[in-house]
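S.K.: Take this structure first; my questions come after.
In my numbering, the protein residues as written are 1410 to 1647.
Have a look at this one:
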């Protein structure tokens, strides 16, 4: 079976996900200054609400595959602290959150640029990413900064598609955009539930990117390094 399209996950597949402490402190301090106009709160109060609101986003995603946008995240955070942000404050905080990501961008996974440059010469590449409080437009800026945006013919972010992986609508959008059959697509990601289950339910081949050699998976292949991708493609005579 000929593979025509390779779709990639983003976080912890192509770029490194970590809750950067400097970025986090910048956000909390910014939010704290706004909240002080409403009530007396401490840094720790805002930090706890920041994390609790993050956990609520995860719960919503697990329940429905919907990834709430940053505006909804801030409404949740505000409700935890017993305040209601104005629409202007929500916009200002959202914009500041995006700025912290472009000012302190996440790093690329080892080999990401080289492998994408290599694969894009032979295959059509796409990106499917769930988003949290960092929106798709911001992530495209990061990908451009890192020199890899040019490799993708399509980038899908869940704040733009409403639902995230593993929801079928995300993979349907991918297949419909390229008018390609699922058996001609392979998806690569690090999350068994979002990436592997979602893509396999859509009928695609799958590669799980994991450092845990004992991780249980339904993926067709597993890799510990992005450099292994061409080798796995050869196994399928692709």
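Where a beta carbon is used, it is the ideal one built from N, C-alpha and C, also for glycine.
Given the structure is predicted, the values throughout are model-derived calculations rather than measurements.
Against chain B, does residue 1624 count as a neighbour if the rule is that its beta carbon must be under 9 Å from one of theirs?
M.R.: Given the protein chain composition of this structure (a single chain), no chain B is represented.
S.K.: Taking DSSP as the reference, what is the three-state secondary structure of residue 1401?
M.R.: Within the shown structure, residues of the chain are numbered from 1410 to 1647, placing residue 1401 beyond reach of any answer.
S.K.: What are the boundary residues of the alpha helix (DSSP H) that residue 1644 is part of?
M.R.: Position 235 of the chain shown, counted from the first residue, corresponds to residue 1644. Residue 1644 -> alpha helix (DSSP H) spans 1638 to 1644.
S.K.: What ranges does the alpha helix (DSSP H) occupy inside the segment 1481 to 1551, keeping only unbroken runs of at least 4 residues that lie completely in it?
M.R.: Counting only runs of 4 or more, we get 1496 to 1512, 1521 to 1528.
S.K.: Using the Cα positions of residue 1488 and residue 1540, report the straight-line distance between them to the nearest angstrom.
M.R.: The residue labelled residue 1488 in the question sits at position 79 within the chain shown. The residue labelled residue 1540 in the question sits at position 131 within the chain shown. Residue 1488 and residue 1540: Cα-Cα distance of roughly 22 Å.
S.K.: Using a 10 Å radius around the Cβ and a threshold of 16 neighbouring Cβ atoms, would you call residue 1519 buried or exposed?
M.R.: Here residue 1519 corresponds to residue number 110 of the chain shown, with the count starting at 1. It is exposed - the Cβ of residue 1519 has fewer than 16 other Cβ atoms within 10 Å.
S.K.: Cβ atoms of residue 1535 and residue 1583: under 9 Å apart, would you say?
M.R.: Position 174 of the chain shown holds residue 1583. Position 126 of the chain shown holds residue 1535. Yes, Cβ-Cβ distance for residue 1583 and residue 1535 is below 9 Å.
S.K.: Would residue 1509 and residue 1554 be called neighbours here (beta carbons separated by less than 9 Å)?
M.R.: The residue given as residue 1509 occupies position 100 in the chain shown. The residue given as residue 1554 occupies position 145 in the chain shown. Not a contact, by the Cβ cut-off of 9 Å.
S.K.: With DSSP collapsed to three states, give me the class of residue 1634.
M.R.: Translated into the one-based positions of the chain shown, residue 1634 becomes position 225. Here residue 1634 sits in coil by DSSP.
S.K.: Considering only the alpha carbon of each residue, which of 1616, 1525, 1565, 1474 lies closest to residue 1576?
M.R.: Taking the chain shown and counting its residues from 1, the one referred to as residue 1576 is at position 167. Of the listed residues, the one whose Cα sits closest to residue 1576 is 1474.
S.K.: How many whole angstroms separate the CB atoms of residue 1607 and residue 1574, which I take to be in contact at a CB cut-off of 8 Å?
M.R.: Numbered from 1 along the chain shown, position 198 holds the residue referred to as residue 1607. Numbered from 1 along the chain shown, position 165 holds the residue referred to as residue 1574. So it is a contact: roughly 4 Å between Cβ atoms.
S.K.: Looking at C-alpha atoms only, which residue of 1631, 1633, 1422 is the closest neighbour of residue 1525?
M.R.: By one-based count along the chain shown, residue 1525 stands at place 116. Of the candidates 1631, 1633, 1422, the one whose C-alpha sits nearest the C-alpha of residue 1525 is 1422.
S.K.: Going by the C-beta, is residue 1504 closer than 8 Å to any heavy atom of the ligand MN?
M.R.: Annotation note on the ligand MN: not contained in the displayed structure, which lists no ligands.
S.K.: DSSP puts residue 1595 in a beta bridge; with which residues?
M.R.: As a working mapping, residue 1595 is identified with position 186 in the chain shown. Partner(s): 1415, 1614.
S.K.: Spatial neighbours of residue 1494 within its chain, please: CB distance less than 8 Å, with the 5 preceding and 5 following residues excluded, ordered by chain position.
M.R.: Your numbering for residue 1494 matches position 85 in the chain shown. Within the same chain, residue 1494 has close Cβ partners 1443, 1483, 1484, 1487, 1502.
S.K.: Does the distance from the CB of residue 1580 to the CB of residue 1598 come in under 9 Å?
M.R.: As a position in the chain shown, residue 1580 is number 171, starting the count at 1. As a position in the chain shown, residue 1598 is number 189, starting the count at 1. No, they are not a contact pair.
S.K.: Per DSSP, what kind of secondary structure is residue 1572 in: helix, strand or coil?
M.R.: For this step, residue 1572 is matched to residue 163 along the chain shown. Strand.
S.K.: Let me know the secondary structure DSSP gives residue 1444 once reduced to three states.
M.R.: The sequence position of residue 1444 within the chain shown is 35, counting from 1. Of the three classes helix, strand and coil, the one that applies to residue 1444 here is helix, per DSSP.
S.K.: Would DSSP call residue 1557 helix, strand or coil?
M.R.: Start at 1 with the first residue of the chain shown, and residue 1557 comes out as number 148. It is coil, neither helix nor strand.
S.K.: Which residue from 1537, 1564, 1585, 1455 puts its Cα closest to that of residue 1605?
M.R.: Within the chain shown, residue 1605 is the residue found at index 196, counting from 1. Nearest option by C-alpha distance: 1537.
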